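Residue numbers (our numbering): 214 to 360.
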């Protein structure tokens, strides 16, 4: 019969419980944190990215592009496409450009945004497959802005 070292089992159990508690507390603190600090240390509230890790053909890949909606942003409802120094906002309603807030060095990135933003809005959302990206973005806007 094999001996079981009860002391090691207890130590491992306690370690796992403590690690789980730390992870949970960190997660809770992160979820409860209402905003993040930007480069000027002013508070910016932001939505989770609206482009997630997608499979197959992806117009704005998660690892290169950020598509975001800021909770403290002005109307009309819009989202930002951010990549390589570029920060361009587009209206959710029709995909027309609203403004350029950051200009990158590579003009082809801006050209790509302009060519593909409306197509992206019309495609099915990876996270909510019953919605288009446009419908998901508008839903996120409304939730963030209490509309």
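Don't be surprised by glycine CBs; every beta carbon is placed ideally from N, CA and C.
On a predicted model such as this, the values are computed, not experimentally measured, just so you know.
Please classify residue i: is it buried, with 16 or more other beta-carbons within 10 angstroms of its beta-carbon, or exposed?
{"i": "residue 347", "result": "buried"}
{"i": "residue 320", "result": "exposed"}
{"i": "residue 350", "result": "buried"}
{"i": "residue 308", "result": "buried"}
{"i": "residue 287", "result": "exposed"}
{"i": "residue 247", "result": "Because the pLDDT at residue 247 is just 39, under 50, the model does not fix this residue reliably, and the value given afterwards should be weighed accordingly. When all chains shown are included, residue 247 counts as exposed."}
On the premise that residue j lies in contact with residue i, defined as a C-beta separation below 8 angstroms, what is that separation, rounded to the nearest angstrom?
{"i": "residue 303", "j": "residue 294", "result": "7 angstroms"}
{"i": "residue 369", "j": "residue 329", "result": "Missing from the structure shown is residue 369; the chain here goes from 214 to 360 and no further."}
{"i": "residue 305", "j": "residue 292", "result": "6 angstroms"}
On the DSSP bridge list, what partners appear for residue i?
{"i": "residue 346", "result": "Residue 346 is not bridged to any residue."}
{"i": "residue 280", "result": "294"}
{"i": "residue 326", "result": "BP columns for residue 326 are empty, so no partner."}
{"i": "residue 313", "result": "301"}
{"i": "residue 337", "result": "345"}
Closest by CA to residue i, which one among the options?
{"i": "residue 274", "options": "326, 285 and 311", "result": "326"}
{"i": "residue 283", "options": "297, 276, 301 and 277", "result": "301"}
{"i": "residue 277", "options": "290, 289, 285 and 297", "result": "297"}
{"i": "residue 312", "options": "332, 333 and 290", "result": "290"}
{"i": "residue 333", "options": "345, 340 and 285", "result": "345"}
{"i": "residue 331", "options": "340, 310 and 341", "result": "310"}
task: Check whether the segment 316–330 touches the segment 341–360, counting contact only when three or more Cβ pairs, one atom from each stretch, lie closer than 8 angstroms.
output: Because the criterion of three Cβ pairs below 8 angstroms is not met, the segment 316–330 and the segment 341–360 do not touch.
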